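Trainee: Residue numbers (the UniProt record's numbering): 1 to 552.
Ideal Cβ positions, reconstructed from N, Cα and C, are used throughout, including at glycine.
Nothing here was measured: the structure is a model prediction, and the numbers come from that model.
This is the structure:
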């Protein structure tokens, strides 16, 4: 019998989605944006000391190769010809720092992560300092806390009336961003110091490490990053779109170890090994920018919120940098082509979102699985006046109040676990509203709707609550993989690839689920003002800062 005929689908585009807990490779049809197949591999996080988070860059790279091979096998089983894959995009966890040896191709230390509180996803400038020197052999992940003393020493050198770091980068001086982690590696890891002195060291965020390795490594690998990842290093001038000499001197970073900065959509190089050898890598975006593109937020004033452990809310501000008066970050949203204009975004983070559900499960034991919370909340349909402020390690944007701690208030004899579950979901929505209000004040453009993605959006009660509390519609795409889709779109649209049109009339109509507000505006405002009263009650619990009680 003749071999089964391969399905003809037209050009396909692959996307590497490299996150803190897993790596995935996904393949999309460039004409319909349909997800055809994917594979996922979990990634280990190492915790060599309290507050230190590391990952093995070689394990990350191996996981990418494994995901590509397995996805290609699955496509073969579906009779889809992998020669139709015309490009690959990369989306990655941001800020995580890798330094490697360009002669041997070996990482000089584990990837070091950016610092956040347990289960949070928000930059903080005050963290408990860890001790100084680690066990050898890792990179810096975005969750890592070891750089507090580095931040304190650097902050003393910024003149009070001229925060040139913030004005050039859009970022507050914080342990969260790559420059501080890189400074720590230069100060504490002998292998890194020696490699820099001998001109063997290369620095990059995870995208740079992957693209260099996939395009040949020591045999001509391309050392580059894109503007979105560069804008999270604290070494990049977001106005001139170049590494900034003054910033590099301030942090003491030798410019020769930095990658070349490219647009988010152009051919960087070709895959040099594996099932997709010869396919161009032509898209690169930090994960939150990729989600913004995947949600097709191409207009000034469009915003998306990604609900995970924490929430990341990004609002496209067009060609202008908007500097926040309310504790938000200014960042590069994307630049989709070498000759295309740059777009900027305001970014706000909710520290505790999915993390509060895990806390109810793991610490209080009132649910056995995260999915169960929807069932409990549905049973009562109200918090019955109960409010939950999950300020487990202080309040973040827009308050920046490290003295706060978590509270559950408004309890009566009638209150049960269902009301607390409902209040926990409301807390995620109220915190999102606070970030959105700050964005509206900074931009002067009230949002007409909010686009959402991420794991928690499968909870319909949460989505309805969010619409009620924001008092605008919440819109969720039926295909949840918006981050990978954004990377694939950037890759497929690149000059020299040209299989994915980003023209508004060509973008595939994505089917959306829409949640309209179902309460009246007055009730929405009453609930929000009561939440704010609860927040005020949470402030001032910690009066003296100690490593145990401090904001982390």
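Compare the C-alpha of residue 103 against each of 202, 159, 36, 181 and name the closest.
Mentor: If we check each option's Cα against that of residue 103, 202 comes out closest.
Trainee: Rounded to whole angstroms, what's the CA-CA distance from residue 530 to residue 393? Just pull it up for me.
Mentor: Between residue 530 and residue 393, the C-alpha separation is close to 22 Å.
Trainee: Sort out for me which residues DSSP pairs residue 451 with in a bridge.
Mentor: According to DSSP, residue 451 bridges with 304, 475.
Trainee: Please report the straight-line C-alpha distance between residue 176 and residue 151, rounded to a whole angstrom.
Mentor: Looking at the two C-alpha atoms, the distance is approximately 10 Å.
Trainee: Apply the 10 Å Cβ neighbour rule to residue 266 and answer buried if 16 or more other Cβ atoms are within range, or exposed otherwise.
Mentor: With 16 or more other Cβ atoms within 10 Å, it is buried.
Trainee: Around the Cβ of residue 448, are there at least 16 other Cβ atoms within 10 angstroms (buried) or fewer (exposed)?
Mentor: Looking at its Cβ environment, which holds fewer than 16 other Cβ atoms inside 10 Å, residue 448 is exposed.
Trainee: Could you name the residues of the same chain whose beta carbon sits closer than 8 Å to that of residue 218, not counting the 5 residues immediately before and after it, in chain order?
Mentor: 102, 103, 104, 105, listed in sequence order.
Trainee: What did DSSP end up calling residue 23 once you bin it into helix, strand or coil?
Mentor: It is a strand residue.
Trainee: Name, in chain order, the residues that DSSP records as bridge partners for residue 101.
Mentor: Residue 101 is bridged to 201.
Trainee: Applying the 10 Å Cβ sphere with the 16-neighbour rule, what's the burial state of residue 240?
Mentor: Answer is exposed; the Cβ neighbour count stays below 16.
Trainee: As an exercise, report each continuous beta strand (DSSP E) stretch of at least 3 residues that is fully enclosed by the UniProt domain "Carbohydrate kinase FGGY N-terminal" (141-294), in chain order.
Mentor: Counting whole runs of 3 or more residues, the UniProt domain "Carbohydrate kinase FGGY N-terminal" (141-294) contains the beta strand (DSSP E) stretches 201-205, 224-226, 260-262, 265-270, 280-286.
Trainee: By how many angstroms is the C-alpha of residue 521 removed from the C-alpha of residue 43?
Mentor: One C-alpha to the other measures close to 45 Å.
Trainee: At what residues does the beta strand (DSSP E) containing residue 14 begin and finish?
Mentor: 12-18 is the extent of the beta strand (DSSP E) around residue 14.
Trainee: Rounded to a whole number of angstroms, what is the C-alpha to C-alpha distance between residue 17 and residue 436?
Mentor: Their backbone Cα atoms lie some 27 Å apart in a straight line.
Trainee: Starting from residue 346 and walking both ways along the beta strand (DSSP E), at which residues does that stretch end?
Mentor: Element bounds for residue 346: 343-350.
Trainee: If distances are taken between C-alpha atoms only, which option among 358, 310, 155, 446 comes closest to residue 251?
Mentor: Taking only the C-alpha atoms, the option nearest residue 251 is 155.
Trainee: Can you tell me the Cα-Cα spacing of residue 461 and residue 407, whole angstroms?
Mentor: Approximately 22 Å between the Cα atoms of the pair.
Trainee: Select from 184, 58, 333 the residue whose C-alpha is nearest the C-alpha of residue 212.
Mentor: Cα-wise, what sits closest to residue 212 is 58.
Trainee: Determine the DSSP secondary structure at residue 116, reduced to helix, strand or coil.
Mentor: Reliability fails at residue 116, whose pLDDT of 41 lies under 50, so the model's placement of it is uncertain and the value that follows must be treated cautiously. Reduced to three states, the DSSP call for residue 116 is coil.
Trainee: Between which two residues does the alpha helix (DSSP H) holding residue 467 run?
Mentor: That run of the alpha helix (DSSP H) goes 460-470.
Trainee: Out of curiosity, what's the CA-to-CA distance linking residue 524 and residue 456?
Mentor: Residue 524 and residue 456: Cα-Cα distance of roughly 22 Å.
Trainee: In the DSSP assignment, find the beta strand (DSSP E) that holds residue 574 and state where it starts and stops.
Mentor: Residue 574 lies beyond the stretch modelled for the chain, which goes from 1 to 552, so this question has no answer here.
Trainee: DSSP three-state label for residue 405, please.
Mentor: Residue 405: coil per DSSP, three-state reduction.
Trainee: Helix, strand or coil for residue 126? Go by DSSP, reduced to three states.
Mentor: With a pLDDT of only 29 at residue 126, under 50, the local geometry of the prediction cannot be trusted, and the value read off the model is given with reservation. Coil.
Trainee: Quick check: the region 377-387 against the region 346-357, are there 3 or more CB pairs under 8 Å?
Mentor: Counting Cβ pairs under 8 Å, fewer than three are found: no touch.
Trainee: DSSP beta-bridge partners for residue 318?
Mentor: Residue 318 pairs with 344.
Trainee: Taking a contact to mean a Cβ-Cβ separation below 9 Å, would you say residue 221 touches residue 214 in this structure?
Mentor: A contact, by the Cβ cut-off of 9 Å.
Trainee: Using the Cα positions of residue 451 and residue 476, report the straight-line distance between them to the nearest angstrom.
Mentor: Rounded to the nearest angstrom, the two C-alpha atoms are 6 Å apart.
Trainee: Do you know offhand how far residue 504's Cα is from residue 299's?
Mentor: Cα to Cα, residue 504 sits roughly 10 Å from residue 299.
Trainee: Are at least three pairs of beta-carbons, each pair with one atom in the region 468-483 and one in the region 267-281, less than 8 Å apart?
Mentor: Because the criterion of three Cβ pairs below 8 Å is not met, the region 468-483 and the region 267-281 do not touch.
Trainee: Bridge partners of residue 392, per DSSP?
Mentor: Its beta-bridge partners are 394.
Trainee: If you draw a straight line from the alpha carbon of residue 180 to that of residue 303, how long is it in whole angstroms?
Mentor: Cα to Cα, the separation comes out at about 29 Å.
Trainee: Return the residue from the list 321, 374, 38, 272 that minimises the CA-CA distance to residue 419.
Mentor: Per the Cα distances, 374.
Trainee: For residue 425, count neighbouring C-beta atoms within 10 Å of its own C-beta (all shown protein chains included) and say buried if the count is 16 or more, exposed if not.
Mentor: Answer is buried; the Cβ neighbour count reaches 16.
Trainee: Check each candidate in 492, 513, 200 and name the one with the smallest Cα separation from residue 87.
Mentor: Ranking the options by Cα distance to residue 87, first place goes to 492.
Trainee: Select from 478, 398, 357 the residue whose C-alpha is nearest the C-alpha of residue 427.
Mentor: For the residues 478, 398, 357, the minimum Cα distance to residue 427 belongs to 357.
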